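Here this note's numbering = 1-based position in the sequence shown + 2. Report on the structure given below.
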Amino acid sequence: MSVLIVGSTALDSIKTPKAENPRLLGGSASHAGVAASFFAPVRLVGVVGDDFPKKYLQLYRKHGIDLDGLQIVPGKTFHWSGEYEVNMNNRRTLATELGVFETFTPTLPPAHRTTPFVLLANIAPGLQHHVLDQMDRPRFVAADTMDLWLNIAMPDLLRLIKRIDLFVLNDSEARQLAQTDNVFVALRKLHQLGPRFVIIKKGEHGSILSGPGGLFLAPASPLTKVVDPTGAGDSFVGGMMGFLASAKGSIESNLRRAMIYGAVTASFCCEGFGLTRTTRVTRADIEKRVKELEKLTRF
Ligand code: AMP
3 MSVLIVGSTA
13 LDSIKTPKAE
23 NPRLLGGSAS
33 HAGVAASFFA
43 PVRLVGVVGD
53 DFPKKYLQLY
63 RKHGIDLDGL
73 QIVPGKTFHW
83 SGEYEVNMNN
93 RRTLATELGV
103 FETFTPTLPP
113 AHRTTPFVLL
123 ANIAPGLQHH
133 VLDQMDRPRF
143 VAADTMDLWL
153 NIAMPDLLRL
163 IKRIDLFVLN
173 DSEARQLAQT
183 DNVFVALRKL
193 HQLGPRFVII
203 KKGEHGSILS
213 GPGGLFLAPA
223 SPLTKVVDPT
233 GAGDSFVGGM
243 MGFLASAKGS
253 IESNLRRAMI
263 YGAVTASFCC
273 EGFGLTRTTR
283 VTRADIEKRV
293 KELEKLTRF
């Protein structure tokens with residue numbers, strides 16, 4: 003089954019203590035879309051300007067990503083730049099230039115409206131709503147977010163969370179939203195806001211699922227070299243949704259394994275700048291790392 007993914011499609015300029023790379027292919031929908039494409043057909047919804055390099059469109063196509071929902075309009079592509087400290091868990095946003103995102107209204111092609119799996123990747127919650135409004139009874143809807151929306155668009159975000167099946171956020175966002183320091187208390191409070199499933203991402207320490215079947219703790223791959231973690235969270239949720247869309251059986255019974263596939267896809271993302279490593283990975287590479295994680299966590 004296909005996955006519809008809406009989110010940012012960006013040019014990212016990224017600085018780490020070791021290197022600097024301008025205008026890489028980035029954005030939440032790009033990372034999530036490429037990650038999901040290893041498992042299921044992907045329909046991307048976003049906007050880019052007429053400065054968007056053709057080679058990046060080719061990269062999407064190389065991954066079989068359906069671009070009928072990608073608007074290419076006059077103006078500048080969304081540009082984000084960020085800088086990492088030596089401890090790569092700490093990142094500073096240097097600039098966010100919205101460009102064509104400022105006036106973006108996602109309009110779905112008619113064929114996209116019946117897509118069974120929907121990922122509302124990180125983007126303004128108002129736009130996530132707008133996409134959901136156009137969908138015809140999707141089977142499973144997941145949404146990701148970021149601290150910015152907690153700070154400037156809380157009412158929209160709270161309204162959105164009521165409409166989705168799975169809410170994914172990182173631990174600092176969960177603590178902020180649930181107003182508690184304890185992630186397990188936060189999970190309980192987040193369920194009260196609406197979603198049946200909640201996943202809290204904890205970076206190199208893995209992720210926690212809470213749902214009707216209780217808790218599940220998913221590990222992260224033990225990487226010894228992190229080049230650039232930008233987009234790891236998006237790759238996690240993209241890989242997970244792609245796997246869910248490809249798997250037979252109930253969503254609940256597949257969700258734990260899907261998280262492992264998401265974690266492995268995210269681990270490749272961290273090993274290169276932007277999408278450079280992820281776009282060179284094969285399904286066989288992913289399966290090998292999944293087996294390694296299985297071995298590490300069996301007892
Ligand atoms: P992550 O590392 O998972 O937080 O995701 C990083 C990606 O988020 C980058 O590729 C950025 O282009 C994208 N991004 C940064 N700021 C925003 C924003 N305000 N809205 C949507 N996407 C953003």
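Every residue gets a Cβ at the ideal spot worked out from N, C-alpha and C, and that includes glycine. All figures in this text were calculated on a predicted structure; none of them were measured in a lab.
Taken atom to atom, the span from the alpha-carbon of residue 206 to that of residue 169 is near 20 Å. Counting only runs that start and end inside the stretch 120–194, the beta strand (DSSP E) elements of at least 3 residues fall at 142–146, 168–172. Under the DSSP assignment, residue 202 falls in the beta strand (DSSP E) whose first and last residues are 199–203. With 16 or more other Cβ atoms from the protein chains shown falling within 10 Å of its own Cβ, residue 172 counts as buried.
A Cβ-Cβ distance of about 20 Å is found for the pair residue 275 and residue 67, leaving them out of contact under the 8 Å criterion.
Taking 6 Å as the cut-off, the C-beta of residue 236 counts as close to a heavy atom of the ligand AMP. For the options 145, 181, 159, 12, the alpha carbon positioned closest to that of residue 167 is the one of 145. With a 10 Å radius around the Cβ and a threshold of 16 neighbouring Cβ atoms, residue 14 comes out buried. At a Cβ-Cβ threshold of 7 Å, residue 237 and residue 268 count as neighbours. Residue state for residue 276 is assigned as coil, using DSSP reduced to three classes.
Remark: the C-beta of residue 174 is outside contact range of the ligand AMP, defined as less than 6 Å to any heavy atom. Within 6 Å of the C-beta of residue 196 there is not a single heavy atom belonging to the ligand AMP.
Assigned with DSSP and collapsed to three states, residue 268 falls in helix.
Under the 10 Å beta carbon count, residue 36 is surrounded by 16 or more other beta carbons and is classified as buried. When rounded, the separation of the alpha-carbon atoms in residue 124 and residue 297 is 32 Å. Residue burial annotation: residue 175 is buried, with at least 16 other C-beta atoms found within 10 angstroms of its C-beta. Residue 44 is bridged by DSSP to 5.
Within the model, the alpha-carbon separation for residue 98 versus residue 301 is close to 45 Å. When the Cα atoms are used, residue 87 and residue 130 turn out to be separated by approximately 31 Å. Counting the other CB atoms within 10 Å of its CB gives residue 142 a total of 16 or more, which places it among the buried residues. Between residue 119 and residue 245, the gap from beta carbon to beta carbon reaches 7 Å or more. Set against 6 Å, the gap from the CB of residue 149 to the closest heavy atom of the ligand AMP is not smaller. In the structure shown, residue 100 falls within a coil segment according to DSSP collapsed to helix, strand and coil.
For residue 219, no alpha helix (DSSP H) segment is defined; the enclosing uninterrupted segment is the beta strand (DSSP E) at 216–220. Between the beta-carbon of residue 233 and that of residue 101 there is about 19 Å, and that puts the pair past the 8 Å contact cut. In the three-state scheme derived from DSSP, where H, G and I count as helix and E and B as strand, residue 20 is classed as coil. Counting other Cβ atoms within 10 Å of its Cβ, residue 251 stays below 16 and is therefore classed as exposed.
Beta-bridge partners of residue 295 (DSSP): none assigned.
Around the beta carbon of residue 242, 16 or more other beta carbons sit within 10 angstroms, so the residue counts as buried.
Nearest Cα to residue 235 within the set 261, 253, 294, 247: 261. For residue 44 and residue 284, the gap between their C-alpha atoms comes out near 17 Å.
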